[in-house]
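Structure first, then comments.
In the numbering used here, the protein residues as written are 311 to 428.
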């Protein structure tokens, strides 16, 4: 909060800023996405689209997504991914690599006796 001669300004940055920013620009309600959308926090261009959906007892969608900050080549091109990329890779040491997409992976180190640490 900034105070100068009888004027107090609420915070417009930091973790408590969102309610104040939302009052100034109502189009920002619901997050930091703006326009096409661009993430105003990271300046990343983001897209997500459902290309195909199978309808039945449970819908199975095929969704693609793009983030301009992701630099590795995915199956659909640089920065692109889809919701069926998820897979496991096993290392020679017995560790497990959970691959969400070309740009995001989590390593689970084998501690022995069926236990893993991330």
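All C-beta atoms, glycine included, are put in the ideal place defined by N, C-alpha and C.
Continuous beta strand (DSSP E) stretch holding residue i: start and end
i: residue 378; result: Note, residue 378: premise wrong, no beta strand (DSSP E); not H, not E.
i: residue 391; result: 390 to 392
i: residue 427; result: 425 to 427
Per-residue DSSP class, three states only, for residue i
i: residue 403; result: coil
i: residue 360; result: strand
i: residue 346; result: coil
i: residue 413; result: coil
i: residue 353; result: coil
i: residue 371; result: strand
i: residue 419; result: strand
i: residue 395; result: coil
i: residue 384; result: strand
Through-space distance from residue j to residue i, alpha-carbon basis
i: residue 412; j: residue 398; result: 12 Å
i: residue 406; j: residue 344; result: 38 Å
i: residue 427; j: residue 402; result: 16 Å
i: residue 348; j: residue 375; result: 13 Å
i: residue 373; j: residue 404; result: 32 Å
i: residue 351; j: residue 369; result: 32 Å
i: residue 414; j: residue 380; result: 9 Å
i: residue 337; j: residue 382; result: Residue placement at residue 337 is flagged as unreliable, the pLDDT there being 46, under the threshold of 50; the coordinate-derived value follows with that caveat. Cα-Cα distance, rounded: 32 Å.
i: residue 425; j: residue 346; result: 44 Å
i: residue 416; j: residue 409; result: 7 Å
i: residue 385; j: residue 391; result: 7 Å
i: residue 371; j: residue 354; result: 24 Å
Exposed unless 16 or more other CB atoms sit within 10 angstroms - verdict on residue i
i: residue 389; result: buried
i: residue 422; result: exposed
i: residue 387; result: exposed
i: residue 366; result: exposed
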